[in-house]
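Encoded as structure tokens, the structure appears first; notes follow it.
Residue numbers (the UniProt record's numbering), protein chains in the order written: chain R, 1 to 511; chain Z, 1 to 440.
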């Protein structure tokens with residue numbers, strides 16, 4: 001190591017210890033400045049020699065203990081006790097500087113803390129990155145047989161570095177990182193599977209995987225988010241895992257695949273909605289992809305903010321539905337505009353947002369709801385804003401509602417999977433029944449609304465809903481009982497009863 | 001040990017590894033509501049055939065008969081399962097007894113009493129055992145033995161001699177002189193508990209992976225070929241896991257120790273092969289044999305080919321040397337119901353009885369096997385270790401057919417800071433201890 005580098009490092013150590021009062025252990029030093037452990041120890045030794053006084057030094061003594069049973073002992077001692085501790089060893093013990101710090105803490109674990117935080121940071125890095133924690137490159141022993149499975153492909157550990165290959169200035173490691181990211185931008189294009197994969201990343205983040213789906217599971221969500229805008233087109237076509245082949249078919253597949261992650265534990269709905277949006281947007285428009293930019297970071301922030309905004313929209317739609325069930329049929333139309341703009345799943349998700357009890361096959365929606373509960377807000381005008389925005393698609397507007405157009409665009413370009421998925425939604429409704437009791441029920445609200453919405457939408461918007469109208473009215477006709485529910489009138493024949501209250505007719509039917 | 005041409009770079013030695021845990025995995029067993037009689041029956045059958053063959057050499061003239069076939073005054077040999085009647089052993093029926101008799105104070109860690117007596121049972125019946133030669137303090141319920149004696153007038157069986165199964169046959173120890181290779185055994189890391197010292201554990205990891213120490217020490221460390229963690233790696237506060245719903249801040253208190261352990265194991269697995277066994281306090285099932293800790297608990301470490309999650313008990317072979325070990329439940333249970341001078345003696349007894357956990361399923365949780373008893377020791381190990389004990393002890397025992405076993409009691413690392421290192425060349429072992437005392 002060059003003399004100048006050594007000097008510079010020594011000075012840095014000094015500043016860290018004296019000014020920032022940090023514990024500088026050899027391990028921390030080696031990881032921070034990308035030097036091998038032996039180098040780091042040597043460096044600390046030099047530092048201690050040059051810099052006398054004012055600092056506490058902890059030495060690591062190791063050797064065989066005196067005594068009848070052979071015992072190899074390693075101990076940390078502070079400077080003053082060094083000589084005394086050496087006596088306990090039988091013969092020579094090796095002395096090395098373990099750490100330097102401003103003062104000795106009472107609790108030895110404090111010494112370990114700085115190192116552990118560093119280790120944690122390294123640990124949290126994306127799976128694909130091979131950092132010095134993961135390949136143990138700075139130790140004195142090389143183990144070439146160790147392999148780490150990333151994406152199902154083993155990555156052989158690097159041999160320990162003897163010379164610092166990276167300059168001093170570089171703090172947190174990973175020279176490799178930018179390269180890897182680029183590399184992985186291309187690879188995970190095939191990655192963008194349905195949300196269940198994404199969810200697996202969050203919920204399990206299992207290191208190894210055998211299937212194609214799980215191979216990509218290893219990547220954390222941020223990677224996905226970065227990758228999402230970049231690889232959307234290909235992702236759509238490369239969809240595997242739970243979805244079927246082909247881009248269109250895969251789109252339908254995704255619609256039905258979404259229910260799958262019902263087994264996945266409820267995650268932060270944030271990520272769910274993020275990924276929902278991400279993947280939705282992915283399929284939708286090329287413009288999205290381009291507009292989001294090539295800079296991954298920006299993508300992330302853009303995506304996140306758009307997701308947040310998107311969630312806000314959902315909130316509004318939540319309230320929307322609450323109100324819908326009880327009062328005006330006008331709102332359904334706004335709802336429907338959103339519905340038609342969004343995938344059917346989304347609409348049913350919103351529906352389930354209101355049913356806080358059962359988890360049907362749209363758990364994601366439920367998750368969104370659980371976090372998105374907000375007070376009633378005037379949303380009519382916002383909805384109209386949504387309706388107004390057309391295919392511009394850019395989620396660049398600051399207003400939360402601007403996300404909805406994205407959704408609408410998505411809906412358009414991807415033909416709705418309407419026929420396949422159920423159009424009904426469960427909605428909590430409170431009403432006074434014929435006996436004068438206040439009844440809160442979970443009600444299937446569906447096609448009628450859809451049909452109504454379809455009608456109204458046609459009046460409001462042109463291009464967005466043309467394709468969806470016909471789709472909507474199709475299933476609407478099938479479910480006539482549901483129609484009766486949604487009018488909000490007094491007498492309702494609810495298809496779905498409050499589970500606690502039985503229907504007296506069921507008694508006769510069963511007989 | 002090889003010094004590379006590259007400066008200061010040692011190569012870690014390697015060894016061949018074969019896992020023999022298949023018997024302990026409950027993959028194909030199905031639970032159809034069976035009770036434990038079947039495992040006892042399987043055990044009796046297994047060991048009786050073995051004992052019959054031994055009895056014919058031990059007492060060729062004496063006839064073997066069943067318990068029901070005992071005749072008074074006639075010397076014979078009977079083979080069956082021992083049952084120890086213990087006065088102080090907690091029994092569920094005591095809660096329902098009408099009279100609340102004053103039960104003597106029970107020491108929670110040992111239920112022995114002078115009035116305990118042994119009973120031998122086979123398929124036909126039971127008989128109480130008498131005589132001075134058989135001491136109830138040594139035996140526990142669940143052992144299959146052969147007894148030579150005769151029935152007394154009182155209806156007891158007076159024992160003259162006891163025949164245990166003895167050490168099982170052992171594969172030959174590979175004797176060719178080789179280089180020193182070490183395997184490290186450690187247990188009771190208790191990561192995340194308030195009385196564990198993370199600095200000590202980090203020193204341990206640094207040492208075995210080769211960060212710590214000068215060249216000499218690192219060259220010693222490069223000879224470590226394997227690490228086995230024998231249970232109790234996670235120390236989750238007991239009060240949290242009492243079955244109630246947890247607040248979100250408590251959820252992180254449960255998850256933090258496991259994450260911390262994963263980071264630590266990651267550091268080890270990046271350097272050398274690692275086996276981790278579940279223990280009584282780990283997030284694994286309760287009854288023996290404990291199934292391997294799930295890989296999803298260790299997302300970082302499970303990516304390595306060097307990381308292996310194993311059952312408890314764990315049996316494996318390294319360089320043709322057989323190892324058998326548990327996380328301590330079998331010996332701890334023996335300690336509650338019998339007496340011995342040290343833990344190694346308990347271990348020796350289990351080997352001589354050819355059964356890892358004779359008290360299962362009586363007082364030790366166990367899976368209700370239907371047609372086999374996986375704890376029966378078929379082949380004698382060369383090294384037999386038990387984790388989570390109070391202190392480090394080690395001894396060699398020899399068998400009648402030249403078997404040679406190194407018994408090791410591995411202490412809890414969080415309390416003692418001691419791990420055990422075994423040299424594969426000659427099965428010598430020594431302690432590896434770590435200290436971080438700073439206060440004067």
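The beta carbon of each residue, even a glycine, is placed where N, CA and C say it ideally should be.
{"Asked": "Taking any Cβ of chain R, which residues in the stretch 307-336 of chain Z have a Cβ under 7 Å from it, in chain order?", "Found": "none"}
{"Asked": "Residues of chain Z with CB under 9 Å from residue 59(R), in chain order?", "Found": "Chain Z residues near residue 59(R): none, gap ~12 Å exceeds 9 Å."}
{"Asked": "What's the call for residue 409(Z), buried or exposed, on a 16-neighbour Cβ count within 10 Å?", "Found": "buried"}
{"Asked": "Give me the chain R residues within the contact set of residue 222(Z), using Cβ-Cβ distance strictly less than 7 Å, ordered along the chain.", "Found": "141"}
{"Asked": "Determine which residues share a DSSP beta bridge with residue 315(Z) and list them.", "Found": "324(Z)"}
{"Asked": "May I have the straight-line CA-CA distance separating residue 441(Z) from residue 376(Z), to the nearest angstrom?", "Found": "Residue 441(Z) is absent from the structure shown; chain Z starts at 1 and stops at 440."}
{"Asked": "Please classify residue 139(R) as buried or exposed, where buried requires at least 16 other C-beta atoms within 10 Å of its C-beta.", "Found": "buried"}
{"Asked": "Ignoring anything shorter than 3 residues, give me the beta strand (DSSP E) runs that lie fully in the stretch 144-227 of chain Z, in order along the chain.", "Found": "144-151, 157-163 and 182-186"}
{"Asked": "Alpha carbon to alpha carbon, how far is residue 201(Z) from residue 6(R)? Give it in angstroms, no decimals.", "Found": "30 Å"}
{"Asked": "Rounded to a whole number of angstroms, what is the C-alpha to C-alpha distance between residue 18(R) and residue 337(Z)?", "Found": "59 Å"}
{"Asked": "Return the chain-ordered list of same chain residues with a C-beta closer than 7 Å to the C-beta of residue 46(Z), the five sequence neighbours on each side being excluded.", "Found": "373 and 376"}
{"Asked": "What residue from 117(Z), 142(Z), 44(Z) and 149(Z) has the CA that sits closest to residue 74(Z)'s CA?", "Found": "149(Z)"}
{"Asked": "In three-state DSSP terms, what is residue 275(Z)?", "Found": "strand"}
{"Asked": "Under 7 Å between beta-carbons, which chain Z residues line up against residue 145(R)? List them in chain order, please.", "Found": "14"}
{"Asked": "How would you list, in chain order, the residues of chain R whose beta-carbon sits under 8 Å from the beta-carbon of residue 11(Z)?", "Found": "141, 142, 143 and 144"}
{"Asked": "DSSP three-state call for residue 366(Z): helix, strand or coil?", "Found": "strand"}
{"Asked": "How about residue 261(Z) and residue 191(Z): are their beta carbons less than 8 Å apart?", "Found": "yes"}
{"Asked": "Using three-state DSSP, classify residue 20(Z) as helix, strand or coil.", "Found": "coil"}
{"Asked": "State the Cα-Cα distance for the pair residue 153(Z) and residue 71(Z), rounded to the nearest angstrom.", "Found": "10 Å"}
{"Asked": "To be precise: take each residue of the UniProt domain \"DNA polymerase delta subunit OB-fold\" (35-161) of chain Z, compare its Cβ to all Cβ atoms of chain R, and keep it if any distance is under 8 Å. Which residues remain?", "Found": "none"}
{"Asked": "Looking only at DSSP bridge pairs, what is residue 78(R) linked to?", "Found": "58(R)"}
{"Asked": "Determine the burial state of residue 76(Z): buried for a count of at least 16 other Cβ atoms within 10 Å of its Cβ, exposed for fewer.", "Found": "buried"}
{"Asked": "With 16 as the cutoff for other CB atoms within 10 Å, does residue 96(Z) come out buried or exposed?", "Found": "exposed"}
{"Asked": "Short of 7 Å Cβ to Cβ, which residues in the stretch 58-90 of chain R face chain Z?", "Found": "60, 62, 69, 70, 71, 72, 73, 74, 75, 76 and 78"}
{"Asked": "Give the straight-line distance between the Cα atoms of residue 246(R) and residue 194(Z), rounded to the nearest whole angstrom.", "Found": "Note on residue 246(R): pLDDT 47, under 50, position unreliable in the model; no value is reported."}
{"Asked": "Look at the alpha carbon of residue 68(R) and the alpha carbon of residue 430(Z), and state the distance between them as a whole number of angstroms.", "Found": "11 Å"}
{"Asked": "At which residues does the beta strand (DSSP E) containing residue 428(R) begin and terminate?", "Found": "425-432"}
{"Asked": "Once you ignore the five residues that flank residue 63(R) on each side, which residues in its own chain have a CB closer than 8 Å to its CB?", "Found": "72, 73, 89, 90, 91, 92, 93 and 94"}
{"Asked": "List the DSSP bridge partners of residue 411(Z).", "Found": "389(Z)"}
{"Asked": "Drop a sphere of 10 angstroms on the beta-carbon of residue 90(Z), count the other beta-carbons inside from all chains shown, and report buried for 16 or more, exposed for fewer.", "Found": "exposed"}
{"Asked": "Which value, in whole angstroms, describes the spacing of the CA atoms of residue 132(Z) and residue 55(Z)?", "Found": "21 Å"}
{"Asked": "Hey, residue 293(Z) and residue 276(Z) are a contact pair by Cβ (cut 8 Å); roughly how many whole angstroms apart?", "Found": "6 Å"}
{"Asked": "For residue 504(R), which of helix, strand or coil comes out of DSSP?", "Found": "helix"}
{"Asked": "Examine the Cβ distances between the stretch 389-396 of chain Z and the stretch 328-343 of chain Z and report whether three or more of them are shorter than 8 Å.", "Found": "yes"}
{"Asked": "Relative to chain Z, which residues along the stretch 106-131 of chain R have a C-beta separation below 8 Å, given in chain order?", "Found": "106, 108, 109, 111, 112, 115, 116, 119, 120, 123 and 127"}
{"Asked": "Could you tell me which residues DSSP puts in a beta bridge with residue 63(R)?", "Found": "73(R)"}
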